[in-house]
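Structure record follows, encoded as structure tokens.
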Amino acid sequence: MSLNLAIVLETGAASRPEHAAVIADATQGGAGRRLTYRELNELACRCASGLAKAGVRPGDKVAVLLSNEPEFLIAYFGVLKAGACVVPLNTLLKSGEIAAELEDSDSTLLIADEALLSEARSAFARVEACDRLVVVRAGPRNGTQGQAPEECGCDWQELLGNGCPDWDTVQARPDDTAVILYTAGSFGRPKGAELSHFSLFYNAALTCDQLSHTTPDDVSLASLPLFHAFGQTCVMNATLYGGGTLVLLPRFEPDRALQAIERHRVTILVGVPTMYWYLLHYPAAGKYDWSSLRLCCSGAAALPPEMLAEFQQRFGRPIYEGYGLTETSPVASFNPTDRPPVPGSVGRPIYGVEIRLVDEKDRPLRAGQVGEIVIRGHNVMKGYYKRPRPTAEALSGGWFHTGDLGKMDEQGYLHIVGRKKDLIKRGGLNIYPREVEDVLQGHPAVAQAAVVGIADDVMGEEIKAFVVLQQDESIEAEELIEYARSKVAAYKYPRYIEFRTELPKDAAGKVIKRQLRR
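Counting from 149, one number per residue, gives the positions in the sequence shown under my numbering.
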């Protein structure tokens, strides 16, 4: 049996070749760059053929350092068609971090955007095994943009020019590694999660068929970074699997996102809570036409119930929340879209996936009890690349241990309460940050809140909240502390509050609490 993840593109190219697959630069005036399924597939074939001529062999690792642009899709599917493994890299990484992931993944070739060339070249020079750097030039993509740097061997246009449009995709086994995605996971420094062709294909298929119900008439806004599991599976692969159209934005900005929604009649918006917060508080949001939107989804971080209610009240659309991790391809649970979403819940396990809550000895817990979330199913990674010990720890007993804490209600809906490492132990009592954060974010003056534990000589740990206020709002720390005190048990309210203009977040929109603790 064979299966290559590239089939999500190839099926569309065979059944609807002239249908728009991707549109980029959508808000710069005009229609933007547009590629049909046939054109995108032919370019991916050229990429695969060019990579093969450049020495890439089936099973090799090819790193991709590209933002949300058509070239990301061409490279991604080109690498897969060549039988190689894609290693998408975070475009925010610095050279030392890039070098570490190139070396750890055994990547033999790096495809990098010219805008990121300074960091890419520095990283490339440090990694002996990575012997080819291919540069994607800025500007129009219909011709060679000057000479490639001396160390590259060829630039992007040369690579595509050396390829042929009728490349025969190298077949892979379903369990072969298709993508290595780097994540800090539950056990320390970044490690490469090995995701198979089948796990990624089936996760995209389930997202399309059972969650988003994507059809060729749908248009999805791709403003989540495609190098991240969330954007890759839930936006890119799920949309292509369903035969829809992707509208690419290099980064999320409220005005550009709203322009793209109006201009291209976007029907599906997948994002993180931060994106929805910016849309809620963008002064000119009301002047745009949102009527084409039929589905709004959120993940990667907790969606405050107050934000869900306000968004639905103002824009007449619910936000459906789900849950997953890089190591689970990523979707593990989702709120069914045939009924109203359950506020504060990330939904039920998707088809074929089991979710349990366990105690510190891995014993299953009853409904309503808080424990670690463990997952078993077709979506779970093969393991961490070249890391047998962390893999054994993460997959102990045949279940992936997420490091997240949650509880299951009587209806089988999962509720996240925080991370194990973020659990605050004050005077021997457990405090789950999510509960305190939701209380703080319920105050009309508060836009965002993040709660952490800080060392305390008397209590062991004390509760501190970092708070971002709504625009033009003000409140004293003592008043906010008193508000929280009236809403939660006496041991749970924050004793310290620090106001910030913004909270540190990663590419997926999650608050980086280790920075706050420092």
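Every residue, glycine too, gets a C-beta built ideally from N, C-alpha and C.
Residue i: which of the options sits nearest, CA to CA?
| i | options | result |
| --- | --- | --- |
| residue 597 | 213, 580, 605, 616 | 616 |
| residue 162 | 388, 527, 552 | 388 |
| residue 157 | 353, 211, 643, 235 | 353 |
| residue 623 | 237, 588, 234, 561 | 588 |
| residue 413 | 149, 171, 151, 165 | 171 |
| residue 642 | 651, 649, 653, 574 | 574 |
| residue 212 | 181, 202, 256, 187 | 256 |
| residue 209 | 278, 581, 567 | 278 |
| residue 582 | 593, 662, 569, 564 | 564 |
| residue 664 | 606, 628, 538, 599 | 599 |
| residue 527 | 236, 510, 497 | 497 |
| residue 105 | 445, 461, 462, 304 | Because residue 105 is not part of the residues shown, which for the chain are 149 to 666, the question remains open. |
| residue 462 | 221, 481, 475, 431 | 431 |
| residue 501 | 479, 396, 511, 519 | 479 |
| residue 318 | 356, 233, 386, 270 | 233 |
| residue 285 | 220, 465, 330, 230 | 220 |
| residue 475 | 428, 613, 550 | 550 |
| residue 610 | 579, 592, 591, 464 | 579 |
| residue 226 | 447, 315, 619 | 315 |
| residue 375 | 398, 355, 356 | 398 |
| residue 626 | 619, 620, 613, 618 | 613 |
| residue 570 | 619, 343, 603 | 603 |
| residue 205 | 320, 247, 618 | 320 |
| residue 567 | 509, 442, 661, 451 | 661 |
Would you give the residue range spanned by the beta strand (DSSP E) that residue i belongs to?
| i | result |
| --- | --- |
| residue 419 | 416-419 |
| residue 271 | Element bounds for residue 271: not the beta strand (DSSP E) but the alpha helix (DSSP H), 265-274. |
| residue 475 | That residue, residue 475, is in no beta strand (DSSP E); it is neither H nor E in DSSP. |
| residue 259 | 255-261 |
| residue 236 | 233-236 |
| residue 443 | 443-446 |
| residue 370 | 367-370 |
Once the 5 residues before and after residue i are set aside, which same chain residues still bring their CB inside 6 Å of it?
| i | result |
| --- | --- |
| residue 449 | 420, 421, 657, 658 |
| residue 647 | 615 |
| residue 153 | 228, 326, 345, 348, 349 |
| residue 400 | 371, 423 |
| residue 289 | Annotation note: pLDDT 44 at residue 289 (below 50); position unreliable, coordinate value reported separately. Within the same chain, residue 289 has no close Cβ partners at all. |
| residue 165 | 185, 186 |
| residue 322 | 151, 345, 346 |
| residue 253 | 209, 235, 328, 340 |
| residue 453 | 491, 492 |
| residue 268 | 213, 260 |
| residue 410 | 436, 437 |
| residue 361 | none |
Take residue i and list the residues in its own chain whose beta-carbon comes closer than 8 Å to its own, dropping the five residues that flank it on each side.
| i | result |
| --- | --- |
| residue 300 | Residue placement at residue 300 is flagged as unreliable, the pLDDT there being 46, under the threshold of 50; the coordinate-derived value follows with that caveat. Result list for residue 300: 280, 281, 282, 283, in chain order. |
| residue 487 | none |
| residue 425 | 455, 595, 596 |
| residue 666 | none |
| residue 512 | 504, 505, 506 |
Taking 7 Å as the limit between beta carbons, can you name the residues of its chain near residue i, skipping five residues before and five after?
| i | result |
| --- | --- |
| residue 308 | 191, 194, 195, 198 |
| residue 515 | 556, 557, 558 |
| residue 189 | 157, 158, 161 |
| residue 608 | 573, 574, 575 |
| residue 313 | 190, 193, 194 |
| residue 650 | 616 |
| residue 561 | 490, 493, 495, 496 |
| residue 335 | Residue confidence is low: residue 335 scores 46 on pLDDT, short of 50, so the model does not pin down where it sits. Its coordinate-derived value is still stated next. Excluding positions up to five away in sequence, the list reads 538, 541, 542. |
| residue 240 | 655 |
| residue 522 | 504, 506, 547, 548, 549, 550 |
| residue 250 | 211, 258, 271, 275, 278 |
Hey, quick one: how far does the alpha helix (DSSP H) through residue i stretch, first residue to last?
| i | result |
| --- | --- |
| residue 277 | That residue, residue 277, is in no alpha helix (DSSP H); it is neither H nor E in DSSP. |
| residue 156 | 155-163 |
| residue 457 | 453-463 |
| residue 661 | 661-665 |
So within the region 482-548, which uninterrupted alpha helix (DSSP H) runs reach at least 4 residues, ignoring any that extend past its ends?
Qualifying alpha helix (DSSP H) stretches, in chain order: 536-542.
Threshold first: 3 residues or longer. Then list the beta strand (DSSP E) segments lying entirely within the region 171-224, N to C.
Segments of the beta strand (DSSP E) lying fully in the region 171-224: 181-184, 209-213.
Ranges of the beta strand (DSSP E) found wholly within the region 308-365, counting only runs of at least 3:
The DSSP assignment places complete beta strand (DSSP E) segments of no fewer than 3 residues inside the region 308-365 at 325-331, 339-344, in order along the chain.
Hey, is the region 496-508 in contact with the region 438-448, meaning 3+ C-beta pairs nearer than 8 Å?
Cβ pair count under 8 Å is below three, so no.
Completely contained alpha helix (DSSP H) runs for the region 387-428, where each covers 4 or more residues:
Counting whole runs of 4 or more residues, the region 387-428 contains the alpha helix (DSSP H) stretches 402-412, 421-428.
Are there three or more Cβ pairs, one per stretch, closer than 8 Å when the region 352-372 is compared with the region 381-399?
Segments in contact, yes.
Beta strand (DSSP E) segments (min. 3 residues) lying fully within the region 563-647:
With a minimum length of 3 residues, the continuous beta strand (DSSP E) runs that stay inside the region 563-647 are 572-574, 577-579, 594-604, 608-617, 644-647.
Would you call the region 538-545 in contact with the region 625-639, where contact means no fewer than 3 C-beta pairs closer than 8 Å?
Touching, no, given that fewer than three Cβ pairs across the two stretches are closer than 8 Å.
Segment contact, 8 Å Cβ cut-off, at least three pairs: the region 370-386 with the region 212-219:
In short, these stretches touch, since the Cβ pair count reaches three.
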